[in-house]
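A.B. asks: FYI, the UniProt record's numbering numbers position 566 of the sequence shown as 566, with every residue one higher than the one before it.
We put the CB at the ideal spot given by N, CA and C, even for glycine.
None of the values given here were measured: they were computed from a predicted structure.
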Amino acid sequence: MADYSPQSIEQKWQERWTATGAFEVTEDASKPPFYCLEMFAYPSGRAHVGHVRNYMIGDVVARLKRMQGANVLHPFGWDAFGMPAENAAIKNNLHPEQWTLDNIAHMKGQLQRLGISYAWGRELATCLPDYYHWNQWLFIRMFERDLAYRRRSTVNWCPSCLTVLANEQVIDGACWRCGTQVTSRELEQWFLRITHYAEELLEGANHLPDWPEKVLTMQRNWIGKSEGVQATFPIADVEGRATTHGIEIFTTRIDTIFGATFVLIAPEHELVETFASESADPASFRKKADRFRQQDRLGRMSGEVEKEGFDTGRRVMNPFTGETVPVWVANFVLGGYGTGAIMAVPAHDQRDFEFARKYGLPVQVVVKPVGGETTDDGATLTEAFTEFGESVHSDEFSGLATETAWETMAASAEARGIGQKTIQYRLKDWGVSRQRYWGTPIPMIHCPSCGVVPVPDDQLPVVLPKIVEFTGKGESPLAQLPEFVNVSCPKCGGAARRETDTMDTFFDSSWYFYRFTDAKNDKQAFDPVKCNYWAPVDFYSGGVEHAILHLIYSRFFTRVFRDLGMVSHDEPFARLLTQGMVLKDGQVMSKSKGNVVDPDEMIAKFGADALRLYVMFVAPPEKEVEWTDTGLEGSFRFLTRVWRFVEPLAGALGSAPTVADTAEFSAPERALRRKTHQTIAKLTDDLYPRVHLNTAISGLMELVNELYLFGDATGVFKPGRRAAAEQESAPVVPDVPASTLAAGREAVEALVRLMSPFAPHMAEELWELLGHTGGIVAAGWPVSDPAVAAEEAVELPVQVNGKVRGRVTVPAGSADDVVQAAALADPNVKAHTDGKTIVKVIVAAGRLVSVVVK
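1. Based on the DSSP secondary-structure assignment, which residues constitute the bridge partners of Asn595?
2. Contact defined as beta carbons within less than 8 Å: I believe Tyr42 pairs with Asp79. What is the distance between those atoms, to the nearest angstrom?
3. Which one of Tyr149, Arg220, Cys161 and Leu202 has the shortest CA to CA distance from Leu192?
4. Less than 8 Å between the beta carbons of Leu754 and Thr640, yes or no?
5. For Ala413, report the span of its alpha helix (DSSP H) as first-last.
6. Within its chain, find whatever has a CB closer than 7 Å to the CB of Val843; leave out the 5 residues flanking it on each side and keep chain order.
7. Is Cys492 buried or exposed, if buried means 16 or more other CB atoms sit within 10 Å of its CB?
8. Between Arg151 and Asp429, what straight-line distance do the alpha-carbon atoms span, to the nearest angstrom?
9. Kindly list the residues whose CB is nearer than 7 Å to the CB of Glu27, restricted to its own chain and excluding five residues on each side of it in sequence; keep chain order.
10. Helix, strand or coil, according to DSSP, for Ser44 in the structure here?
11. Chain D beta carbons: is any one of them nearer than 8 Å to that of Arg351?
12. Please classify Thr837 as buried or exposed, where buried requires at least 16 other C-beta atoms within 10 Å of its C-beta.
13. Closest to Met503 by C-alpha separation, out of Glu765, Gly654, Val462 and Arg145, would be which residue?
14. May I have the straight-line CA-CA distance separating His446 from Leu208, to the nearest angstrom?
15. Please report how far the alpha carbon of Arg575 lies from the alpha carbon of Gly69, in whole angstroms.
16. Just the C-alpha distance for Val365 and Gly451, rounded to the nearest angstrom, thanks.
17. What separation, rounded to the nearest whole angstrom, lies between the Cα atoms of Asp457 and Met142?
18. Can you tell me the Cα-Cα spacing of Glu278 and Val263, whole angstroms?
19. Return helix, strand or coil for Asp311, following the three-state DSSP convention.
20. With a Cβ-Cβ cutoff of 8 Å, do Ala384 and Asp349 count as a contact?
21. Check the C-beta distance from Leu64 over to Trp781 and give it rounded, since I have them as a contact under 8 Å.
22. From the DSSP output, which residues share a beta bridge with Tyr149?
23. Report the residue ranges of all beta strand (DSSP E) runs contained in full by the segment 756-842; include only those spanning at least 3 residues, in chain order.
24. Is it the case that the Cβ atoms of Glu626 and Leu583 are separated by a distance below 8 Å?
25. Report, in whole angstroms, the separation of the C-beta atoms of Met301 and Phe233, which I expect to be a contact under 8 Å.
26. As an exercise, report each continuous beta strand (DSSP E) stretch of at least 3 residues that is fully enclosed by the segment 539-600, in chain order.
27. What are the boundary residues of the beta strand (DSSP E) that Ala496 is part of?
28. Are residue 855 and Ala743 close, meaning C-beta to C-beta below 8 Å?
29. Between the Cα of Ala266 and the Cα atoms of Asn206, Val788 and Val333, which residue gives the shortest distance?
30. Less than 8 Å between the beta carbons of Ser739 and Glu633, yes or no?
31. Check for me: the alpha helix (DSSP H) holding Gly631 runs from which residue to which?
32. Please state whether DSSP places Cys158 in a helix, a strand or coil.
33. Is Thr404 close to the ligand NAP? I mean its beta-carbon at under 7 Å from any heavy atom of the ligand.
34. From the DSSP output, read off the bridge partner residues of Cys36.
35. Just curious, the beta strand (DSSP E) that Leu848 is in, first and last residue?
36. Check the C-beta distance from Tyr708 over to Phe645 and give it rounded, since I have them as a contact under 8 Å.
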């Protein structure tokens, strides 16, 4: 018997797959397409098993669907732009392109050693011009449709490095590089009008039945649709009279407006600078507002940052009460959310209540429980009453139920011209400007005469120029290259300046799945005909951390391409699986924690098939995995057990008769065939659509156990028989019934094919040893015969007055009276029924027999 040597077997088949282009595909109308995709990788340098778990899950599905006859597209590529590469260039004095391409080469080798069935002929890297050319083309199409536009926006600014910082580069309010406290600055930024599709994105979430509900919930909350009223609080002059200017607020509780005792504006609000310049101490005013802006935005919104505020000294008029109320700047109100201003109703909003108590602001009760009692004295209120109820202290609206008061007040606001019903979304337009180098240049030109002008399509791509020195300081690196910046206006021919911002890298990842359908097209982003053959993606897998931004942006881009006439569907991914993390010592694997497991080391020790099998077996795909080398050793032992059973008998089984040529089978042979077909049925269901990969592997293990039992029972299929036979010059398989050989051949060939998605190298090798040519994919996925899989007999528990007192075995499909007779005749049952009156017997077919006595 030849020893199981995974490294040599795996190298052999990987070389053969590459040489034959085994996984490359083209459109074929005669086959059903199946697009299987895992979220592409950021080339950070080294992959660990936490990274590759996702890729293995997808590969199991892809290999299954190929064997089932589908035309499978299973591509891979690299999300290759981004800040880490630029930071590495600064740290190591190495160009981002070299750092990125070196990392890609290494990680690609790791994935190839895992035997993942990628169509490498479609490989892409977003940092190469043949990809980002089409980023630029699409950006221009968005600009033409008013989906891409510029406006002023607040950014993080380091006054020492003189550069814009990403949120990730601000640590405890300071620059990550020099430690200087970060300030806020307004710059002209590019935005994508994703809000144009807000309602469609929200409604579309109702039509994704094969997405995890937790992801859909996160997306719905992120889009955040709110129905309410937008009202104007006029700014009061020094004498308390309304001016022609006002502060716009949006509220979902217009029924509480009589309790609005102050107005809060965000430190980013456009009126902050106006109020500062008109204040008694403008410098102090601005300093306080700047401090709020520098605080973490998510912390401000979530409450992790302490609620703070200060009085602007200005007042506005409550449009319903006519009374003036103070205007405060509060850090928990964010610019860019709603109108950047809120009416504060402390009696009925807990956050406002805490703020009012902290700063001694008035609290006015305007809602009480229906039929209940609550204090009318806001000064003695201990917490906000936030439920619906009955309006009080609200003039002519008092006594109305909340819902009625809401409608009546909204109608009143519209009739009086002080407000109107409206719908707002938490979702805001996507800022895509980045003042960094390693990204797609934004293809726009700024002309003093013509304004903003797109780069003509025939001048695309705007190639990212080589920069030799990186300091991370100063304005956008591209702005420091006169030969890049200074251009002629495409419209008038005059002197103009090229845009020096680059695109957010989420732009790259929002449509890459379409590029894969036609990855080498140099005439267009992709051929719509080819794309619509493959897309949408049938099975998409990746981390749940991408549930919001990447997946919402991808859904947005799909609608843009649809409206450009390039795709014929609304959603990019028909089915989504979010896999669990791989942990080591209770923590998520990461280089910073020093707890990574290098797949190359595991492959060198145990082989790729063992690593694949273990990662798929240890837990359901959606669950976290705690890594242990012991578990990997167990997978290796299982594969060795399979090898030791099949390899010695491969030649004999390859020439054995088939079950189709066999008339009758003995009881042990029927039992093996039954287990074989039950396992086929189980794995067919477990692999797809269920993707219960761990239970599928359990089924394989049970079938192997059954084969070993069959070998013992027949005395034929035993490991080591070849070696013994060769020593004795005897045949490997002695003279045994043809039916035994046929049942064994059927079981072994089914096992090898069923193992193929998990351990493809071993499966191919064994399939070839069994005498087959053309590869295991050509053999197809085995099909279960329900008649063969059906049990011949069933064992049923028998209850007497609710307690199990015995078990009986009867032929499958027996009539109720036959089952009842067998149950009552069982000695253990009779011991509990003799001398008693049998009231009734219930036969629950296939499950149990229940006897009631008294």
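C.D. replies: Concretely, from the data shown:
1. Paired residues: none, contrary to the question.
2. Correct: roughly 5 Å between the Cβ atoms.
3. Comparing alpha-carbon positions, the option among Tyr149, Arg220, Cys161 and Leu202 lying closest to Leu192 turns out to be Tyr149.
4. No. Outside cutoff.
5. Unbroken alpha helix (DSSP H) run through Ala413: Thr402 to Arg416.
6. Correct list, in chain order: Asp816, Val819, Gln820 and Val849.
7. In this structure Cys492 is exposed. Its beta-carbon is surrounded by fewer than 16 other beta-carbon atoms within 10 angstroms.
8. It is roughly 11 Å from the alpha-carbon of Arg151 to the alpha-carbon of Asp429.
9. Once the five neighbours on either side are set aside, the close Cβ partners of Glu27 are Lys530 and Tyr533.
10. In this structure, Ser44 counts as coil in the three-state DSSP scheme.
11. The displayed structure is made up of one protein chain only, and chain D is not part of it.
12. Within a 10 Å sphere around the beta-carbon of Thr837 sit fewer than 16 other beta-carbons, which makes this residue exposed.
13. Of Glu765, Gly654, Val462 and Arg145, the residue nearest in Cα terms is Val462.
14. Computed Cα separation, rounded: 42 Å.
15. Cα to Cα, Arg575 sits roughly 20 Å from Gly69.
16. Take the alpha-carbon of Val365 and the one of Gly451: they are about 53 Å apart.
17. C-alpha separation (whole angstroms): 13 Å.
18. Going by the C-alpha atoms only, they are around 18 Å apart.
19. DSSP places Asp311 in strand when its eight states are reduced to three.
20. It is a contact, given that the beta carbons lie within the stated cut-off.
21. Taking a contact as a CB-CB distance under 8 Å, the pair Leu64 and Trp781 counts as one, their CB atoms being some 7 Å apart.
22. As a beta-bridge residue in DSSP terms, Tyr149 pairs with Phe191.
23. With a minimum length of 3 residues, the continuous beta strand (DSSP E) runs that stay inside the segment 756-842 are 793-800 and 803-811.
24. Yes, the Cβ-Cβ distance between Glu626 and Leu583 is below 8 Å.
25. Not really, about 22 Å apart at Cβ, beyond 8 Å.
26. Segments of the beta strand (DSSP E) lying fully in the segment 539-600: 539-543, 576-579 and 582-584.
27. Ala496 -> beta strand (DSSP E) spans Ala495 to Arg498.
28. Nothing can be reported for residue 855, as the shown portion of the chain is limited to 1 through 854.
29. Minimum Cα distance to Ala266 is reached at Val333.
30. Going by C-beta atoms, Ser739 is not nearer than 8 Å to Glu633.
31. First-last of the alpha helix (DSSP H) with Gly631: Asp629 to Val646.
32. Looking at Cys158 - three-state DSSP - the assignment turns out to be strand.
33. This structure simply doesn't include the ligand NAP, nor any ligand for that matter.
34. In the DSSP output, where bridge partners are listed per residue, Cys36 has Phe539.
35. Leu848: member of the beta strand (DSSP E) spanning Leu848 to Val853, first to last residue.
36. Confirmed, about 7 Å.
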